[in-house]
Each structure stands twice: as structure tokens, then as C-alpha cells.
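Read in my numbering, the sequence shown has 404 at position 348, and its numbers run on one by one without any break.
Idealized CB from N, CA, C, for every residue including glycine.
What follows is one structure encoded as C-alpha cells, with my remarks underneath.
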Amino acid sequence: MAGIYLHIPFCAKKCHYCNFFSLASQKNMGAFIDALCHEIELQKDYLQNEAISTIYFGGGTPSLLPTEYLKRILDQLNANFQIEKDAEITLEANPDDLNFEKLRQISETSINRLSIGIQSFDDEDLKFLNRSHSVQQASEAIYNAHKLGLNNISIDLIYGIPGLNDEKWKQNIDKAIASGVQHISAYSLTVELNTAFDLFIKKGKIKAPDEEASLRHFNILTEQMAKNSFVHYEISNFCKQEFYSRHNSNYWKQQKYLGLGPSAHSFNLKSRQWNIANLQQYIQSIQKGDIPFEKEELSIKQRYNEYVMTGLRCIWGVNLDYIYSEFGEKYYLYLINNSIEYINNQFIAQNKNILTLASKGKFLADGIAADLFYE
Ligand SMILES: C[S@@+](CC[C@H](N)C(=O)[O-])C[C@H]1O[C@@H](n2cnc3c(N)ncnc32)[C@H](O)[C@@H]1O
Ligand code: SF4
Numbered sequence: 057m058a059g060i061y062l063h064i065p066f067c068a069k070k071c072h073y074c075n076f077f078s079l080a081s082q083k084n085m086g087a088f089i090d091a092l093c094h095e096i097e098l099q100k101d102y103l104q105n106e107a108i109s110t111i112y113f114g115g116g117t118p119s120l121l122p123t124e125y126l127k128r129i130l131d132q133l134n135a136n137f138q139i140e141k142d143a144e145i146t147l148e149a150n151p152d153d154l155n156f157e158k159l160r161q162i163s164e165t166s167i168n169r170l171s172i173g174i175q176s177f178d179d180e181d182l183k184f185l186n187r188s189h190s191v192q193q194a195s196e197a198i199y200n201a202h203k204l205g206l207n208n209i210s211i212d213l214i215y216g217i218p219g220l221n222d223e224k225w226k227q228n229i230d231k232a233i234a235s236g237v238q239h240i241s242a243y244s245l246t247v248e249l250n251t252a253f254d255l256f257i258k259k260g261k262i263k264a265p266d267e268e269a270s271l272r273h274f275n276i277l278t279e280q281m282a283k284n285s286f287v288h289y290e291i292s293n294f295c296k297q298e299f300y301s302r303h304n305s306n307y308w309k310q311q312k313y314l315g316l317g318p319s320a321h322s323f324n325l326k327s328r329q330w331n332i333a334n335l336q337q338y339i340q341s342i343q344k345g346d347i348p349f350e351k352e353e354l355s356i357k358q359r360y361n362e363y364v365m366t367g368l369r370c371i372w373g374v375n376l377d378y379i380y381s382e383f384g385e386k387y388y389l390y391l392i393n394n395s396i397e398y399i400n401n402q403f404i405a406q407n408k409n410i411l412t413l414a415s416k417g418k419f420l421a422d423g424i425a426a427d428l429f430y431e
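This is the structure:
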């Protein structure tokens, strides 16, 4: 059940809200691909021969890679890992890269899931966010992908954007549903340090996102999704039938994964490690045969806190028996005592040995989880 994440650190341009590690220049792409393929080989023992059930090309913008590069990476993964036959292989993509020919090429590889960054079905919003595509390109990309038989498609949307009123947000959701995609990820706009939005807000050029509007958008979203038979399986994620993101669900279920590329994180149940977030240094170090990473051994307290955080955010919840068997009586009693008030006030629902967030607790997930952390 292990997964592999590949971080592709290139973008057409930098969006105003984003602080993921990526560069708006593609000049080192060839050297990066060489380094990434070398790292795959260097890391082939990290997952101790476990079969790979999911592969995820994330970024950055992996769809910027020519298909030849994608194929080379997939071949190198196949040569060094045992990839399951029905593995879920996802490519994050921006609509401006997904012309018909590119989609056709992708459909001929083993990539079987697309995660397309749509963000909004309104051109004004896209301009405000500094996206590199139009609504027209986004709609065509979804239409053509379906036409080519790519029928496991996720799209990303952002709400809580200053100027996005409830009516416009509702229309966005309606358009997302009407597009026929199987999965929708919707994120509340957060202002990350050192992004363009952070600077604009500090200079008074734009307003900060309004918490109350974000909460209203979240409520509109959950209502519309439920009406249209999407399962709300993680705070920000909704899917039709069984179209969960298997890769992300495995993170949330505490499965092992290997992250490759600059800034990518890996987890082997006992420790976490993360590669350097610098492309030049990543390439130079890998060329010498060294993986440039830092590592942290996880204490029982950290593992408990992570499990509570991810468990509460998901439909699968926090299993009290698992807490007892994995972390011991001290943590079990701590969680029981600290969740009582949330259960009594209906922020958390208890069904036998499983704790999940109730409707009114969902938007407050991070705060509630933090309250249940063992300090
Ligand atoms: C890191 S991006 C990678 C995918 C691809 N490059 C794209 O832009 O669609 C993954 C998603 O995270 C979300 N995201 C990134 N930064 C965010 C922020 N500050 N607030 C809300 N959502 C954010 C966006 O919806 C984006 O599609
Ligand atoms: S949101 Fe996606 S396209 Fe925009 S800068 Fe971040 S990674 Fe790049």
C-alpha cells in the first residue's frame, strides 16, 4: 500500500497565493529530470520492497513536462520498484498545458488520473489569482480529457477569494458539478507568508480574505456536494462513488510513502524526511550521489498528534481502539477526557469506537484537532 510522490518544481508563472516550492523558469528542466531519475535509483530501498499502489506527480506543474520526460520517469520507477498493476497514477495539471494533443499523449501512458487546477470558473478570479489560463481553456481541458477516456478527473477550486460573493461561488460549484468530474478538491484561500498576496495585504493594496465569507462558502459547498451525491470524505475533498484519491487517502491513513524531488517529504512510519527546497543544490547533490535531506525521528506524541489531526479531517475518523493499542492508555484517556466537551456540544460525533467531526465541527477541524493534541 505504499505510495511515491514526485515533486516537479516548475510553473508557467507564480500564482499570487502559492508558496509551494516552484520556479517560474524552466531552464534546468533537463538536468532536473536526470537528477530525479538518479534519485529514484538511490532511493529504491526506502520502501523495503513494498509494492507501490499509488504514484503522484505533484508540484509545481507536472503537466509542463514534455510527455517524453513523464514516460522516462515512469520507466525508471518501473525499473526500480514493484508497481501494482492497478496502481493509481495521478498527474497534477494546469489547463493551459492540456491541449488535445497533450491529453492524447497522456492518455497513452500509464497515467490514469488527472488533478486539474481550475481554481475558479470566473475569468476575473483567475486574473486576481494570477493564474496562467482562462475559463475557456479549463472547460475544454475537462471536456477533451473525458472524450479521450480519461475518466478519473479531479479539479481544484478555491473559495474565500476577496470579491467572490456567495452567488458567484454557487455558480462555480454548479459549473464544477456540470463538468462531470469525479472528484473535487475545494480549498479555503489562505494567505501564506512571502507570497504576493501577503505583500499586497501588508501594503493595503487588497483586502485579506474574510473568515465569515469563507465559512459561508464552505457551508454552501458541503450542501451542494451532498445534494449531488458527492461523498465528503476529507475536509477539502469530495468524490463520486469510489473515486477517492487513493494516494492522498493513504497519507491520511498513515501509510508509507517516498517523496522524490526538491522539497518532497517521505514517511516510513517511524520517521519523516524532506529534501532540500532548492533546485540547484538538489541537482548538484544528486549528481554526487548524495540525497540532500533532513530527517526527524517521530516520537510517540508526534505520531499520536498526527493521527488525531488526519483522522479527524477524514470520513474514517479517529479509532479509539487504535489509539489504545498503538499509543497506550495514557493517550487513550487523554483523548477521551479532552473530547467529551466537543462530543456534548456536537462538534464531534462518536459512533462506537470512532470519533468523527460533526457538520458544525468540520470548518473548525484544525482548531479542534489542536485542542486534542498531547502537549
Ligand atoms: C500546489 S498546487 C499544484 C497544482 C497545480 N500547479 C495547480 O496550480 O493547479 C495544488 C493546489 O493547492 C491549492 N492551493 C495552493 N496554495 C493555496 C492557498 N494559499 N490557498 C488555498 N489553496 C491553495 C490550489 O487549489 C492548487 O491547485
Ligand atoms: S498554484 Fe500551482 S501553478 Fe500556481 S504557483 Fe502554485 S504550483 Fe504553480
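C-alpha gap between residue i and residue j, whole angstroms
i, j, result
"Tyr300", "Tyr289", "8 Å"
"Leu210", "Leu204", "The sequence given here has Ser at residue 210, not Leu. Roughly 15 Å between the two C-alpha positions."
"Phe274", "Ala135", "44 Å"
"Ser171", "Ser235", "14 Å"
"Ser196", "Ala421", "A small fix is needed here, since residue 196 is Glu in this sequence, not Ser. Using only the alpha carbons, I get a separation of about 35 Å."
"Leu133", "Asn208", "22 Å"
"Asp427", "Ile379", "16 Å"
"Tyr338", "Ile276", "43 Å"
"Asn401", "Leu391", "16 Å"
"Leu130", "Ala201", "20 Å"
"Leu335", "Lys83", "11 Å"
"Asp152", "Thr117", "11 Å"
"Phe294", "Gly260", "35 Å"
"Pro122", "Arg128", "10 Å"
"Gln310", "Gly173", "26 Å"
"Glu353", "Ser327", "4 Å"
"Gly86", "Phe156", "24 Å"
"Asn150", "Ile167", "15 Å"
"Asn331", "Leu92", "12 Å"
"Arg369", "Ala414", "11 Å"
"Ser381", "Ser355", "16 Å"
Distance CB(residue i)-CB(residue j) smaller than 8 Å
i, j, result
"Pro265", "His63", "no"
"Leu185", "Cys67", "no"
"Leu255", "Ile217", "no"
"Leu314", "Ile111", "no"
"Leu271", "Phe88", "no"
"Leu147", "Ser188", "no"
"Gln175", "Ile214", "yes"
"Phe253", "Tyr73", "yes"
"Gln280", "Ile229", "yes"
"Lys416", "Phe403", "yes"
"Lys296", "Gln238", "yes"
"Lys357", "Gln329", "no"
"Leu98", "Gly345", "yes"
"Asn75", "Leu249", "yes"
"Thr165", "Leu206", "no"
"Ala269", "Met365", "no"
"Ile240", "Phe286", "yes"
Sequence-distant residues of the same chain with beta carbon closer than 6 Å to residue i, five excluded per side
i, result
"Ser109", "Met57, Glu140, Ala143"
"His94", "Ile342"
"Val191", "Phe177, Asp179"
"Ala54", "Lying outside 57 to 431, the shown extent of the chain, residue 54 is not represented and no answer is given."
"Phe137", "Ile108"
"Gly384", "none"
Own chain partners of residue i with C-beta closer than 7 Å, once the 5 adjacent residues on each side are dropped
i, result
"Lys312", "Ala58, Leu103, Glu106, Phe323, Asn324, Leu325"
"Gln406", "Ile399"
"Leu432", "Nothing in the structure corresponds to residue 432, since the chain is present only between 57 and 431."
"Ile257", "Val247, Ala264"
Own chain partners of residue i with C-beta closer than 8 Å, once the 5 adjacent residues on each side are dropped
i, result
"Ala333", "Phe77, Pro318, Ser319"
"Gly367", "Trp308, Gly373, Val374, Asn375, Leu411"
N-terminal and C-terminal residue of the alpha helix (DSSP H) that residue i is part of
i, result
"Tyr313", "Element bounds for Tyr313: not the alpha helix (DSSP H) but the beta strand (DSSP E), 313–316."
"Asp427", "421–428"
"Cys93", "85–98"
"Val191", "191–203"
"His273", "267–283"
"Lys231", "222–234"
"Arg369", "356–369"
"Arg187", "Careful: Arg187 lies outside any alpha helix (DSSP H) and carries neither H nor E."
Residue i at chain D interface by Cβ criterion, 8 Å
i, result
"Ser327", "Included in the structure is just one protein chain, with no chain D present."
Assigned exposure category for residue i - 16 Cβ within 10 Å defines buried
i, result
"Lys231", "buried"
"Tyr199", "exposed"
"Ile396", "exposed"
"Leu159", "buried"
"Ala242", "buried"
"Gly114", "buried"
"Leu389", "exposed"
"Asn393", "exposed"
Delimiting residues of the beta strand (DSSP E) encompassing residue i
i, result
"Arg328", "327–331"
"Ser210", "209–215"
"Thr146", "139–149"
"Leu79", "Element bounds for Leu79: n/a, residue is neither H nor E."
"Ile240", "239–244"
Check: residue i C-beta below 7 Å from any heavy atom of ligand 3
i, result
"Ser78", "For ligand 3, the structure offers nothing, since it holds only ligand 1 and ligand 2."
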